[in-house]
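The structure appears below as structure tokens.
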Amino acid sequence: MFTGEGPIFQQLAVRIADDIVAGTYPEETAVPSATDFAMFHQMNPATASKGVNMLVDLGVLYKKRGIGMFVATGARKVLLARRRDEFRKQYLQPLLREAAVLEIPAAELHSMIDDEQDPA
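Written out as structure tokens, the structure reads:
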């Protein structure tokens, strides 16, 4: 079930997008139908359709008439670019603002990040 923040259809879209980025659904392969997602996640089919259509609107998924929904060529690249932009806004910009308030020089901030990535 979905227990995160935001509407269920958005949570479904994020989960599908995460699966595309992770390679669970490679480009030009089929994804389950909205009905399949609805049954699996025990949600209203209209809710599942709305989540799938969010990804269609982004150009990440497309429909092959009579066959189903497929991951578009370049979908992973599009999703990574969007997530990098979200990362910058959600994490990096606030980090840099706080570092400025605390008067942490860029070199020290880099060192702190390096230490966190490679703890001794």
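Under the UniProt record's numbering, the letters of the sequence shown match residues 1 to 120, in that order.
Ideal Cβ placement from N, Cα and C applies to all residues, glycine included.
Please read these numbers as outputs of a predicted model, since none were measured by experiment.
Does residue i pass the burial test, meaning 16 or more other C-beta atoms within 10 Å, or should it be called exposed?
i	result
residue 100	exposed
residue 37	buried
residue 42	exposed
residue 79	buried
residue 76	buried
Hey, could you find the ends of the beta strand (DSSP E) residue i is sitting in?
i	result
residue 71	68-71
residue 61	61-64
At the level of alpha carbons, what is the spacing between residue i and residue j?
i	j	result
residue 23	residue 102	40 Å
residue 33	residue 98	44 Å
residue 107	residue 62	45 Å
residue 72	residue 83	17 Å
residue 96	residue 117	18 Å
How about residue i and residue j: are their beta carbons less than 8 Å apart?
i	j	result
residue 28	residue 87	no
residue 8	residue 31	no
residue 52	residue 20	no
residue 45	residue 35	yes
residue 55	residue 81	no
Is there a Cβ of chain B sitting closer than 8 Å to that of residue i, yes or no?
i	result
residue 61	The structure shown contains no chain B, having only a single protein chain.
Assuming residue i is part of the alpha helix (DSSP H), what are its boundary residues?
i	result
residue 89	No alpha helix (DSSP H) contains residue 89, which DSSP labels as neither H nor E.
residue 51	45-57
residue 10	8-22
Please name the residue in the options whose C-alpha comes closest to that of residue i.
i	options	result
residue 47	65, 10 and 57	10
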